[in-house]
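Note that numbering that gives the first Met the number 0 has the sequence shown beginning at 0, numbered continuously upward.
Don't be surprised by glycine CBs; every beta carbon is placed ideally from N, CA and C.
This report refers to the structure that appears directly beneath it.
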Amino acid sequence: MRSVVQYRVKFGVLAAISVTVLLLLSACGSSEPPASIERVVDDSRIFIIDDLRSSGMKASKHYDVTDLPGGVDAWYGFIQTDSGPMDIEVRFYSSHADAVALGTELAEAVSGDDADIEEDTTPWTVGYKDRQRMRSGGTADLAAWSGQRGPNYADFVIYGNMVLLCQGDEPLDSIKLCHKLITAVVGDEDSGA
Numbered sequence: 000m001r002s003v004v005q006y007r008v009k010f011g012v013l014a015a016i017s018v019t020v021l022l023l024l025s026a027c028g029s030s031e032p033p034a035s036i037e038r039v040v041d042d043s044r045i046f047i048i049d050d051l052r053s054s055g056m057k058a059s060k061h062y063d064v065t066d067l068p069g070g071v072d073a074w075y076g077f078i079q080t081d082s083g084p085m086d087i088e089v090r091f092y093s094s095h096a097d098a099v100a101l102g103t104e105l106a107e108a109v110s111g112d113d114a115d116i117e118e119d120t121t122p123w124t125v126g127y128k129d130r131q132r133m134r135s136g137g138t139a140d141l142a143a144w145s146g147q148r149g150p151n152y153a154d155f156v157i158y159g160n161m162v163l164l165c166q167g168d169e170p171l172d173s174i175k176l177c178h179k180l181i182t183a184v185v186g187d188e189d190s191g192a
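Okay, structure coming up:
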C-alpha cells in the first residue's frame with residue numbers, strides 16, 4: 000500500500016513539473032510578432048541623412064534619385080549590431096504622405112522572398128546590387144560559393160518621410176532592425192516600437 004501512495008505522489012509531482020515546463024516552453028516559443036512594432040508610422044518631422052548619421056548609420060553610397068518617383072534623396076549604408084554590420088537603404092520623400100503613396104509599392108517590390116532584385120526587371124535600378132546578397136542552404140561561409148543571390152531586405156518600415164529597407168532573413172528581423180535605427184534617431188517613445 001505504501002508503494003502505491005509513493006508512486007501516486009511521485010507521479011503527481013512529475014505531472015505538475017511536466018505541465019509547468021510545457022507552459023513555459025509554449026510561452027517562450029510564441030512566433031507572434033510584438034504588437035507594438037509598427038510598419039508605417041505617421042510622423043510629421045522631415046528627416047535627412049544627417050539625422051541617421053548622427054544616430055549611428057554609416058552612409059556609404061549616395062543614390063541618384065532622378066528616376067525614383069517622388070524621391071528627394073536616397074542612401075545605402077549600415078548600422079552596427081551585436082551580430083555585426085547590417086545593411087539599410089533609406090529613401091527620403093518630401094512628406095510622410097508621399098513616402099506612403101509613392102514609396103510603398105517600390106519598397107514592396109524589392110523586399111521579401113519574392114523581391115524583384117534583377118537589373119532588367121526591378122522598378123528602380125539604382126543600387127539594385129545592394130538589394131542582393133549571396134544565399135545558400137548551408138552556412139554563411141558557403142553562401143559566397145553557391146552563386147545563389149537572394150533579397151537582402153525581408154521587409155521595410157515607413158517612418159515620417161523615410162522608407163527604410165533593412166537587412167534580415169525574416170520580415171520581423173528587418174522591421175526590428177529598422178526600428179533600432181529609428182529609436183536611435185527619435186528615442187523610444189516616438190519610434191513606433
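Classified as buried, S110 has 16 or more neighbouring CB atoms from the shown chains inside 10 Å of its CB. For I157, the number of other beta carbons within 10 angstroms of its own is at least 16, and it is reported as buried. DSSP, reduced to helix, strand and coil, places A114 outside both helices and strands of the structure shown, so it counts as coil.
Along the length of the stretch 150-189, whole beta strand (DSSP E) runs at least 3 residues long occupy 152-158, 161-166, reported in chain order.
Assigned with DSSP and collapsed to three states, E37 falls in coil, not helix or strand. In the structure shown, the three-state DSSP call for R90 is strand. Non-local C-beta neighbours of H61 in its own chain, meaning closer than 7 Å and more than five positions away in sequence, comprise W74, ordered along the chain.
The beta carbons of L51 and V184 sit about 6 Å from each other, so the pair counts as a contact at 8 Å. Close CB contacts of D86 within its chain, under the 6 Å cut and outside five residues either way in sequence, are with F77, N151, Q166 (chain order). The alpha carbon of P84 has as its nearest neighbour, out of L176, Y127, T120, the alpha carbon of L176. Around the CB of I47, fewer than 16 other CB atoms lie within 10 Å, so the residue is classed as exposed.
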